[in-house]
Amino acid sequence: MNLMVVAGSGNPALAEAIAERLGTRVCRSALSRFPDSELHAEIEESVRGGDVYIVQPTGPPVDRHLMELLFLADACRRAGAARLTGVVPYFGYARQDRRANGREAVGGRLVADLLAVVAFERIVAVDLHTVSLEGFFSMPPEHLSATSLLANAIDELVTDRSVIVSPDLGAVKLAERYAGLLRRPLAVAHKIRLSGEEVTVHGIVGEVAGRRPIIIDDMISTGGTIEAAARALIAAGCVPEITVVATHALLVGPAIERLSALPLKRMVVSDSLPTPAHGLLPLQVVSLAAMLAETITRLNIGESMTELLSHR
Numbered sequence: 048m049n050l051m052v053v054a055g056s057g058n059p060a061l062a063e064a065i066a067e068r069l070g071t072r073v074c075r076s077a078l079s080r081f082p083d084s085e086l087h088a089e090i091e092e093s094v095r096g097g098d099v100y101i102v103q104p105t106g107p108p109v110d111r112h113l114m115e116l117l118f119l120a121d122a123c124r125r126a127g128a129a130r131l132t133g134v135v136p137y138f139g140y141a142r143q144d145r146r147a148n149g150r151e152a153v154g155g156r157l158v159a160d161l162l163a164v165v166a167f168e169r170i171v172a173v174d175l176h177t178v179s180l181e182g183f184f185s186m187p188p189e190h191l192s193a194t195s196l197l198a199n200a201i202d203e204l205v206t207d208r209s210v211i212v213s214p215d216l217g218a219v220k221l222a223e224r225y226a227g228l229l230r231r232p233l234a235v236a237h238k239i240r241l242s243g244e245e246v247t248v249h250g251i252v253g254e255v256a257g258r259r260p261i262i263i264d265d266m267i268s269t270g271g272t273i274e275a276a277a278r279a280l281i282a283a284g285c286v287p288e289i290t291v292v293a294t295h296a297l298l299v300g301p302a303i304e305r306l307s308a309l310p311l312k313r314m315v316v317s318d319s320l321p322t323p324a325h326g327l328l329p330l331q332v333v334s335l336a337a338m339l340a341e342t343i344t345r346l347n348i349g350e351s352m353t354e355l356l357s358h359r
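All the letters of the sequence shown, read from the start, carry residue numbers 48 to 359 under my numbering.
Shown next as structure tokens:
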């Protein structure tokens, strides 16, 4: 089946890199707004009978990028695409996987339902915030992991004095995977969230005194969790040369200001989202293009995906 790549505005550079590795190009499309702000999406070339992959992370502004994904899918379906796959490297609303207070929406489930409505046959995502989100999809989710890519990128920084640090209990399983790949001990910070932007850490479980910490998380949003963990590590006597590794660099709100004030040696992130050009952080960006192109190739020809999937 003829393979085609369509891109939203969420990360066109990543879509171009994926298409280049596939030996093709991104299909022409147009996204525009009417004067009343309504979205208009159009595919500007034939996709009839094609195996179409829409590359669109739903990062900030999340609602805009989500609507683009839905509209592009509908446009492709109405234009005769034979099969639709959403390639969503960063999946917005993944943190809303349950009701915490009782009278609230479960955003993750709602978004999964919307993706089913526009007839996606499958969704490809990378390092979902919670693996339980897989159960929300009525179509098959292909949950990939960037762990090996990012672990390889920091291998040169790892010494016998390095320690892998989970900044909270939610990231422990992910941190355990890095600890196994890098053959280093694990420490865990006990985090308490005060608000959407403010957290505090009460203690570190594990030996960090005199060690060089590598903080692991799936995403960096406002930077509050990383900042709290870093300050707790410093108070516990770690070497003040901290490495941070995260798949998704949202870096919203006060994130850059917070993180630039910390003694960071390196921040290693993927290009699941565009990274801001600011020069204030020691960013190293690892591309997902090769992994996603390999995934698309295997899906297109029906090959096994086992070694690419997340097993958190």
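Cβ atoms here follow ideal geometry from the backbone N, Cα and C, with glycine treated the same way.
Computed from a predicted model, the values in this text were never measured in an experiment.
- Message: Could you check whether A120 and L131 sit closer than 7 Å to each other, using their CB atoms as the reference points?
- Response: yes
- Measure how close the beta-carbons of V248 and K238 come, nearest whole angstrom, since I'm counting them as under 8 Å. 5 Å
- Query: Cβ atoms of H87 and S79: under 7 Å apart, would you say?
  - Reply: yes
- Task: Using beta-carbon positions only, say whether T272 and L204 come within less than 7 Å of one another.
- Result: no
- State the beta-bridge partners of S213 as determined by DSSP. V235
- Query: So what does DSSP say about T272, is it helix, strand or coil?
  - Reply: helix
- How would you write the range of the beta strand (DSSP E) that H87 sits in, first residue to last? L86 to I90
- Burial state of V164, where buried means 16 or more other Cβ atoms lie within 10 Å: exposed
- May I ask you to list the residues that DSSP assigns as paired with S79? H87
- Continuous alpha helix (DSSP H) assignments of at least 4 residues falling wholly in the segment 249 to 327: 271 to 282 and 302 to 307
- Query: Leaving out five residues before and five after R72 in sequence, what residues of the same chain have Cβ atoms less than 6 Å from its Cβ?
  - Reply: A66
- Task: Quick one: give me the first and last residue of the beta strand (DSSP E) that L131 is part of.
- Result: R130 to V135
- Task: Determine the closest residue to V178 out of A296, M186, V99 and L191, with distance taken between C-alpha atoms.
- Result: L191
- Query: To which residues of the same chain is P214 closer than 7 Å at the C-beta, ignoring the five residues directly before and after it?
  - Reply: A236, K238, I262, D264, T272, I273 and A276
- So which of A193, A126 and G250 has the shortest CA-CA distance to V94? A126
- Message: Along the chain, where does the alpha helix (DSSP H) containing Y140 start, and where does it finish?
- Response: Neither: Y140 is in no alpha helix (DSSP H) and is coded neither H nor E.
- Message: Are the CB atoms of T342 and L355 within a distance shorter than 7 Å?
- Response: yes
- Task: Taking only the alpha-carbon atoms, compute the straight-line gap between R340 and A293 and give it to the nearest angstrom.
- Result: It should be noted that the sequence gives Ala, not Arg, for residue 340. For A340 and A293, the distance between alpha carbons rounds to 21 Å.
- To which residues of the same chain is Y140 closer than 6 Å at the C-beta, ignoring the five residues directly before and after it? G154, G155 and V158
- Rounded separation between A64 and L297 - CA only: 20 Å
- Spatial distance of R169 from M186 (CA atoms): 5 Å
- Presumed contact (8 Å Cβ cut-off) between V102 and V173, rounded CB distance: Going by Cβ atoms, the distance from V102 to V173 rounds to 12 Å, so no, they are not a contact pair.
- Where A234 and Q331 are concerned, what is the direct C-alpha to C-alpha distance, given to the nearest angstrom? 24 Å
- Query: Out of curiosity, what's the CA-to-CA distance linking A166 and V135?
  - Reply: 15 Å
- Quick one: using the 10 Å Cβ neighbour count with 16 as the cut-off for buried, is L61 buried or exposed? buried
- Message: Let me check one thing: in DSSP terms, what residues is V158 bridge-paired to?
- Response: DSSP output for V158 lists no bridge partner at all.
- Return the residue from the list I90, C285 and L328 that minimises the CA-CA distance to I303. L328
- What's the gap between the Cα of L306 and the Cα of V286? 17 Å
- If we ignore side chains and look at the alpha-carbon of each, how far apart do E151 and D202 end up? 42 Å
- beta-carbon V102 near the ligand ATP non-hydrogen atom, thresh 6 Å: The ligand ATP is absent from the structure shown, which contains no ligands of any kind.
- Starting from M51, follow the alpha helix (DSSP H) in both directions and report where the run begins and ends. First-last for M51: L50 to A54, but that is the beta strand (DSSP E), not the alpha helix (DSSP H).
- Just tell me which of A147, V109 and A128 has its CA closest to the CA of C74. A128
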